[in-house]
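Residue 1322 in the working numbering sits at position 140 of the sequence shown, with consecutive numbering throughout. One structure is given here, and the rest of the page talks about it.
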Amino acid sequence: MDPMMQNQNNAMPTAKSGGRKFRNDIIFISVLLAVVVLMGVAFFLLRGEGDTVTVEVNGVRLGSYPLSEDRTVEIRTGIEDEELNLLVIKDGKAFVETATCPDGICAAHRPISREGESIVCLPHKVVITISSAKGNAPDIVA
1183 MDPMMQNQNN AMPTAKSGGR KFRNDIIFIS VLLAVVVLMG VAFFLLRGEG
1233 DTVTVEVNGV RLGSYPLSED RTVEIRTGIE DEELNLLVIK DGKAFVETAT
1283 CPDGICAAHR PISREGESIV CLPHKVVITI SSAKGNAPDI VA
């Protein structure tokens, strides 16, 4: 046998060492995935109930309203206030009942009540956010 071929055969990894490397990769990926899932679950479960709804239009704060008081807020935007988002605060939750935007995604969004949740209407540049005066959201450093 050619000595050059013999050196190449010796340099190749064996199936045994390749299997160990593959197993270690699977273990590493599994542990990493478990940590990510646990962090996500912890973040979701530790997030507290909000007590204030804040409305911003085009980056300017329009108002803040307590979640504890039922009310309806007309959010008018556009050149002559022709665009409308109707915010409803009821039973400790906030949702957009109707919107004149073309896609209506904000009106289809589920009601929000937990700190950090938001409803966004991109065509009207409206952001509705839930916050809490207690500041009980966990600090997570990534």
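For each residue, glycine too, the CB sits at the ideal point set by N, CA and C. Every value quoted in this text rests on a predicted model; they were computed, and no experiment measured them.
Own chain residues within Cβ distance below 8 Å of R1296, not counting five before or after: Cβ contact annotation for R1296 (same chain, cutoff 8 Å, sequence separation greater than five): R1229, G1230, E1231, G1232 and I1312, in chain order.
From Y1247, L1215, I1301 and G1222, residue whose alpha carbon lies closest to that of V1278: Among Y1247, L1215, I1301 and G1222, the Cα nearest to that of V1278 belongs to I1301.
Given 8 Å, three or more beta-carbon pairs between the segment 1262-1271 and the segment 1279-1293: yes
Supposed close pair S1257, V1239 - CB separation, criterion 8 Å: The sequence given here has Ile at residue 1257, not Ser. Right, their Cβ atoms sit about 7 Å apart.
Beta strand (DSSP E) segments (min. 3 residues) lying fully within the segment 1273-1321: 1275-1281, 1300-1303 and 1308-1313
G1334, DSSP secondary structure in three states: In the structure as shown, the chain starts at 1183 and stops at 1324, and residue 1334 therefore has no counterpart that could be examined.
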